[in-house]
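Quick note, the sequences are listed as chains A and B, same order. Going by the UniProt record's numbering, the first sequence opens with residue 1, and the numbers climb by one from there. Going by the UniProt record's numbering, the second sequence opens with residue 1, and the numbers climb by one from there.
Protein chains: 2
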Amino acid sequence: MKATGVVVEYNPLHNGHVYHAQQAKAATNADLIIAVMSGNFLQRGEPAFIDKWARTKMALASGVDIVFELPYRFATGHATVFAHGAISLLDAAGCTAFCFGSEDGDIEPFHNTLDLLDNNSEEYNQAIKNAMQEGLSYPMALNKAYDAVQPNTEKGGRLVDLSKPNNILGFHYMQAARTLNSSMMPTTIKRLGAEYHDDTLEVNKVASATGIRKSFFSTEKLDEVLNFIPESTKNILIEWQTERMNFGNWESFYPFLRFSILRDGPAHLSTIADLSEGIENLIYRAAKKNDTFQTFMNDIKSKRYTWTRIQRMLTHILTGFTKEMRSEIDVPAYLRLLGMTDKGRSYLSGRKKDLPLPLISKVAAFSNPSLDMDIQASDIYALAIGKGSIASKIGLDYTISPIMNNYFSGSPLK
Amino acid sequence: MKATGVVVEYNPLHNGHVYHAQQAKAATNADLIIAVMSGNFLQRGEPAFIDKWARTKMALASGVDIVFELPYRFATGHATVFAHGAISLLDAAGCTAFCFGSEDGDIEPFHNTLDLLDNNSEEYNQAIKNAMQEGLSYPMALNKAYDAVQPNTEKGGRLVDLSKPNNILGFHYMQAARTLNSSMMPTTIKRLGAEYHDDTLEVNKVASATGIRKSFFSTEKLDEVLNFIPESTKNILIEWQTERMNFGNWESFYPFLRFSILRDGPAHLSTIADLSEGIENLIYRAAKKNDTFQTFMNDIKSKRYTWTRIQRMLTHILTGFTKEMRSEIDVPAYLRLLGMTDKGRSYLSGRKKDLPLPLISKVAAFSNPSLDMDIQASDIYALAIGKGSIASKIGLDYTISPIMNNYFSGSPLK
Numbered sequence: 001m002k003a004t005g006v007v008v009e010y011n012p013l014h015n016g017h018v019y020h021a022q023q024a025k026a027a028t029n030a031d032l033i034i035a036v037m038s039g040n041f042l043q044r045g046e047p048a049f050i051d052k053w054a055r056t057k058m059a060l061a062s063g064v065d066i067v068f069e070l071p072y073r074f075a076t077g078h079a080t081v082f083a084h085g086a087i088s089l090l091d092a093a094g095c096t097a098f099c100f101g102s103e104d105g106d107i108e109p110f111h112n113t114l115d116l117l118d119n120n121s122e123e124y125n126q127a128i129k130n131a132m133q134e135g136l137s138y139p140m141a142l143n144k145a146y147d148a149v150q151p152n153t154e155k156g157g158r159l160v161d162l163s164k165p166n167n168i169l170g171f172h173y174m175q176a177a178r179t180l181n182s183s184m185m186p187t188t189i190k191r192l193g194a195e196y197h198d199d200t201l202e203v204n205k206v207a208s209a210t211g212i213r214k215s216f217f218s219t220e221k222l223d224e225v226l227n228f229i230p231e232s233t234k235n236i237l238i239e240w241q242t243e244r245m246n247f248g249n250w251e252s253f254y255p256f257l258r259f260s261i262l263r264d265g266p267a268h269l270s271t272i273a274d275l276s277e278g279i280e281n282l283i284y285r286a287a288k289k290n291d292t293f294q295t296f297m298n299d300i301k302s303k304r305y306t307w308t309r310i311q312r313m314l315t316h317i318l319t320g321f322t323k324e325m326r327s328e329i330d331v332p333a334y335l336r337l338l339g340m341t342d343k344g345r346s347y348l349s350g351r352k353k354d355l356p357l358p359l360i361s362k363v364a365a366f367s368n369p370s371l372d373m374d375i376q377a378s379d380i381y382a383l384a385i386g387k388g389s390i391a392s393k394i395g396l397d398y399t400i401s402p403i404m405n406n407y408f409s410g411s412p413l414k
Numbered sequence: 001m002k003a004t005g006v007v008v009e010y011n012p013l014h015n016g017h018v019y020h021a022q023q024a025k026a027a028t029n030a031d032l033i034i035a036v037m038s039g040n041f042l043q044r045g046e047p048a049f050i051d052k053w054a055r056t057k058m059a060l061a062s063g064v065d066i067v068f069e070l071p072y073r074f075a076t077g078h079a080t081v082f083a084h085g086a087i088s089l090l091d092a093a094g095c096t097a098f099c100f101g102s103e104d105g106d107i108e109p110f111h112n113t114l115d116l117l118d119n120n121s122e123e124y125n126q127a128i129k130n131a132m133q134e135g136l137s138y139p140m141a142l143n144k145a146y147d148a149v150q151p152n153t154e155k156g157g158r159l160v161d162l163s164k165p166n167n168i169l170g171f172h173y174m175q176a177a178r179t180l181n182s183s184m185m186p187t188t189i190k191r192l193g194a195e196y197h198d199d200t201l202e203v204n205k206v207a208s209a210t211g212i213r214k215s216f217f218s219t220e221k222l223d224e225v226l227n228f229i230p231e232s233t234k235n236i237l238i239e240w241q242t243e244r245m246n247f248g249n250w251e252s253f254y255p256f257l258r259f260s261i262l263r264d265g266p267a268h269l270s271t272i273a274d275l276s277e278g279i280e281n282l283i284y285r286a287a288k289k290n291d292t293f294q295t296f297m298n299d300i301k302s303k304r305y306t307w308t309r310i311q312r313m314l315t316h317i318l319t320g321f322t323k324e325m326r327s328e329i330d331v332p333a334y335l336r337l338l339g340m341t342d343k344g345r346s347y348l349s350g351r352k353k354d355l356p357l358p359l360i361s362k363v364a365a366f367s368n369p370s371l372d373m374d375i376q377a378s379d380i381y382a383l384a385i386g387k388g389s390i391a392s393k394i395g396l397d398y399t400i401s402p403i404m405n406n407y408f409s410g411s412p413l414k
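Here's what the structure looks like:
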């Protein structure tokens, strides 16, 4: 069986994601789709709207056959780290291709850009350094360096616009694949509809995940959203809020984040992963002063730090992820199975013995600092937004088996 | 002016406390009463019902002229540490006597007991060690050792019953005064009415603080309680709950305590002050399993650890008070003024220059690890139970000046 990989967050899964999975399968002539998905904390440095198991259920109901968890350390890293983790896992899972959504929609410009930067790597890296010394954020520095080397294009092939968020991620996936010397074939699909940062619903049937989340927070708009998500997503969202937890957003986590910051103080903050020197005092003062996450962020953000970069620091403060813990995790060390369809199951049973990484269905049977961190992240997520018996939501990594596509009849998550 | 010292918690202040202050003044022929009072966390290892400023207001309205804060490290220590801190401060404040409530009510048996233990200190200390090695808690070991040396009484004078909680504290005050070589004269007043652990209101006008707190949590009994507290206490309690914070109890602090325990893990717990070896795993497992403080405690308590001792550990976990921080604080290093009447003010202005410790009215002007911890404890208290704008309740140690007895007209706390 031939598998194509996708890298997803599904926060929550909407029609655009369904379209992407279908197209990825068709374009690569694959038998099944394998997704590597962020856990309970996401690439933009924020808690997921719903947890990894609820999103796994959505995935399995919408065209994905196997879901592996992208470990915390990679899921919450910047684009290079995120892509490295995700592409490593897809490669380890035996995918013959991977497919990403992009604003560009054409794979050739990505190849051209990679070649350009490879051929001018010295100049490119120096330009990044210079831009960062000027005080630019990392993404802006990349962009500026990219501009600087563009005149060197020899072939004259079209380059990809690296100011677009999905192009950037796709570029990093391809770069990771090249670094890993992966034999997976890269492909891309043009993203439909809403732009990444749009937060209002649009008239067509593809809306941004941001817009959908907003509608669920202001329930009077709930009807509007139903055009943009599969029926299964709707049911899972409703079941989630009724029975399991509140929807995750930073405001709900802020009391715990603030408690952390104020109790542990600036000196402790500086031991946290990704905390840049000097920002600890700024964060500490802002936590004292602000009762809402929104105003707290407004006090911290600056030209030097993107919103996303700050959110990643805050996620690490919340979860207690230190520089020391991060240094123990450099490469993905396991394939953590969150769920599979019957087809996914037969794919895996055929390959189990040849997988280059251990396949984990039961976390208790495996010990690894990265996995410990994933379990800890689940617990902190449940502590902050769990409803009813929170104790029953602690240690879910131990109690929930991989979701099967027949979960609608009798899974523990029902 | 002649001052008599009392050691108080006022959690909350009730008629029994008013009686004690009056009697203390009369019995020692004093001009004023100086109280050393625990801050926001108390000797039994729990958050105060209302904060230190609200309790200072109660004190000044009920016969106390000066309130100094007993620093966190001493306020949350076991009887020996608590008494050492409190008596040191009363001595430093220039009191010529101190007065404590006791079940005994007579000072002579305390002297007899002190003499007995001093004269048999070797046997006594050995008996304590033995009892603890048998697995008894510290208070029970003291008791057993005390029984062991009682036959040695030579004078035949009556000894004090050290199985009663207020007798025990009084004994430690006197022991501390003796160790400090203090010239203060010890006196005691028989406690009236309810026993320390009673939690139902009684028919006379003196009720336990525990009973009063319970009534405020189940507001339908609020009328009953009014017979047992001064009008000023009532007004301050109502103002507190309406305008400032929820009433403090462990259930409100439990989400933060639990977050701490689960996020930081057993290895970190073992760095916390007073955490006995081995209990960290028990605490960690109990935090996973229990959604309420009550059931959590039931999982931890055992013959080896008294409820109070466990609560003190939990307080330190909550506030982040480590063994290292504790080692930096051995003796009280300042007199932190929480409030005073006009009479208290003239007493202090006459003595300011002769005080053996710095007198602190503004915390910003003074730097000390113990004071930092007091400020931190205030902030954590406000984070967990503050109402409305919590930001305005962070750093209160910086913004609230010592309470004056005329606070009813225009203090910042009003």
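Even for Gly, the Cβ is constructed at its ideal location relative to N, Cα and C.
Which residue spans inside the region 7–93 of chain B form an unbroken alpha helix (DSSP H) run of at least 4?
The alpha helix (DSSP H) runs lying completely inside the region 7–93 of chain B and spanning 4 residues or more are 15–27, 52–60, 72–75, 79–92, given in chain order.
Please specify which runs of the alpha helix (DSSP H), each continuous and at least 4 residues long, are wholly inside the region 338–400 of chain A, giving them in chain order.
Complete alpha helix (DSSP H) runs here, min 4: 342–351, 369–385, 396–399.
So, residue 61(A) versus residue 169(A), is the Cβ gap smaller than 8 Å?
Using a Cβ distance threshold of 8 Å, residue 61(A) and residue 169(A) do not count as a contacting pair.
Can you give me the C-alpha to C-alpha distance between residue 91(B) and residue 258(B), rounded to a whole angstrom?
Straight across, the Cα-Cα distance linking residue 91(B) with residue 258(B) is about 39 Å.
Three or more C-beta pairs closer than 8 Å, one from the region 9–22 of chain B and one from the region 230–248 of chain B: is that the case here?
Enough Cβ pairs lie closer than 8 Å, so yes.
Under the assumption that residue 3(A) contacts residue 83(A) (Cβ atoms under 8 Å), give the Cβ distance between them as a whole number of angstroms.
Residue 3(A) to residue 83(A), Cβ: 19 Å. No contact.
C-beta neighbour in chain A for residue 256(B), strict 8 Å
Among the residues facing chain A, residue 256(B) is included, as its CB has a counterpart in that chain under 8 Å away.
Three-state class that DSSP yields for residue 230(B) in the structure shown:
Reduced to three states, the DSSP call for residue 230(B) is coil.
What in chain A is Cβ-close to residue 374(B), meaning under 9 Å?
Neighbours of residue 374(B) in chain A, taken as residues whose beta carbon is under 9 Å from its own, are absent, since the nearest beta carbon is some 14 Å off.
Given that residue 379(A) touches chain B, what residues does it touch there, using C-beta distances under 7 Å?
Within chain B, the C-beta atoms nearer than 7 Å to that of residue 379(A) come from 262, in chain order.
Return the first residue and the last residue of the beta strand (DSSP E) that residue 102(A) is part of.
Element bounds for residue 102(A): 97–102.
Tell me whether residue 124(B) counts as near the ligand FAD, meaning its Cβ is closer than 7 Å to at least one heavy atom of that ligand.
Within the structure as shown, the ligand FAD is missing, as the structure has no ligands at all.
Given that residue 291(B) touches chain A, what residues does it touch there, using C-beta distances under 7 Å?
Neighbours of residue 291(B) on chain A, chain order: 389, 390, 391.
Is there a Cβ from chain A that is less than 8 Å from the Cβ of residue 259(B)?
Interface residue, yes.
Looking at C-alpha atoms only, which residue of 173(B), 305(B), 247(B) is the closest neighbour of residue 387(B)?
Residue 247(B) is the option with its Cα nearest to residue 387(B).
Inter-stretch contact at 8 Å, needing at least 3 Cβ pairs: the region 42–55 of chain A / the region 132–147 of chain A:
With contact defined as three or more Cβ pairs closer than 8 Å, the region 42–55 of chain A and the region 132–147 of chain A are not in contact.
What residues from the region 317–330 of chain B come within 9 Å of chain A, judged by C-beta to C-beta, listed N to C?
Against chain A - using a Cβ distance shorter than 9 Å - the residues of the region 317–330 of chain B are 318, 319, 320.
Can you tell me where the alpha helix (DSSP H) with residue 415(A) in it begins and where it stops?
Chain A is shown only over 1 to 414; residue 415(A) falls outside these bounds and no answer can be derived.
Quick one: residues in its chain with C-beta nearer than 6 Å to the C-beta of residue 7(B), no 5 flanking neighbours on either side, listed in chain order?
The residues 36, 86, in chain order, have a CB closer than 6 Å to that of residue 7(B) in the same chain once the five nearest residues on each side in sequence are set aside.
Under 9 Å between beta-carbons, which chain A residues line up against residue 383(B)? List them in chain order, please.
Within 9 Å Cβ-Cβ: 255, 258, 259, 262, 263.
Can you tell me the Cβ-Cβ gap for residue 191(A) and residue 166(A), rounded? I've got them flagged as a contact below 8 Å.
About 6 Å; that satisfies the 8 Å criterion.
Nearest-angstrom Cβ-Cβ length linking residue 383(A) and residue 383(B), presumed shorter than 8 Å
Under the criterion of beta carbons closer than 8 Å, residue 383(A) and residue 383(B) do not qualify as touching, at roughly 16 Å.
Closer than 8 Å, CB to CB, is residue 288(A) near chain B or not?
Interface residue, yes.
With 16 other Cβ atoms within 10 Å as the buried cut-off, status of residue 362(B)
So residue 362(B) counts as exposed.
Taking the alpha-carbon positions, what's the residue 122(A) to residue 216(A) distance?
Residue 122(A) and residue 216(A): Cα-Cα distance of roughly 48 Å.
Flag this pair as touching only if the region 360–378 of chain A and the region 95–108 of chain A have three or more C-beta atom pairs under 8 Å; answer yes or no.
The region 360–378 of chain A, when compared against the region 95–108 of chain A, does not touch it at the 8 Å Cβ threshold.
Residue 186(B) (DSSP reduced to helix, strand or coil)
In the structure shown, the three-state DSSP call for residue 186(B) is strand.
Is there a C-beta anywhere in chain A that falls below 8 Å from the one on residue 395(B)?
Put simply, the CB of residue 395(B) is near chain A, with a gap under 8 Å to one of its CB atoms.
Within its chain, find whatever has a CB closer than 8 Å to the CB of residue 18(B); leave out the 5 residues flanking it on each side and keep chain order.
If we look at residue 18(B) and ignore the five residues flanking it on each side, its Cβ neighbours are 62, 63, 230.
Should residue 350(A) be labelled buried (16 or more other beta-carbon atoms within 10 Å of its own) or exposed?
Label assigned to residue 350(A): exposed.
Where residue 275(B) sits in the DSSP three-state scheme:
The three-state reading of DSSP puts residue 275(B) in coil, since its state is none of H, G, I, E or B.
Proximal residues to residue 100(B) (C-beta, below 6 Å), its chain only, five neighbours per side dropped:
Hits under 6 Å: 170, 173, 188.
Mind checking residue 124(A): buried by the 16 CB within 10 Å criterion, or exposed?
With 16 or more other Cβ atoms within 10 Å, it is buried.
Rounded to a whole number of angstroms, what is the C-alpha to C-alpha distance between residue 300(B) and residue 283(B)?
Near 6 Å, if we compare the C-alpha coordinates of residue 283(B) and residue 300(B).
Comparing alpha-carbon positions, which option in 175(A), 58(A), 59(A) lies nearest residue 115(A)?
Closest option to residue 115(A), Cα to Cα, is 175(A).
Among residues of its own chain, excluding the 5 on either side of residue 184(A), which ones have a beta-carbon nearer than 8 Å to its beta-carbon?
Taken in chain order, the residues that qualify are 5, 87, 90, 91, 95, 96, 97, 98, 177.
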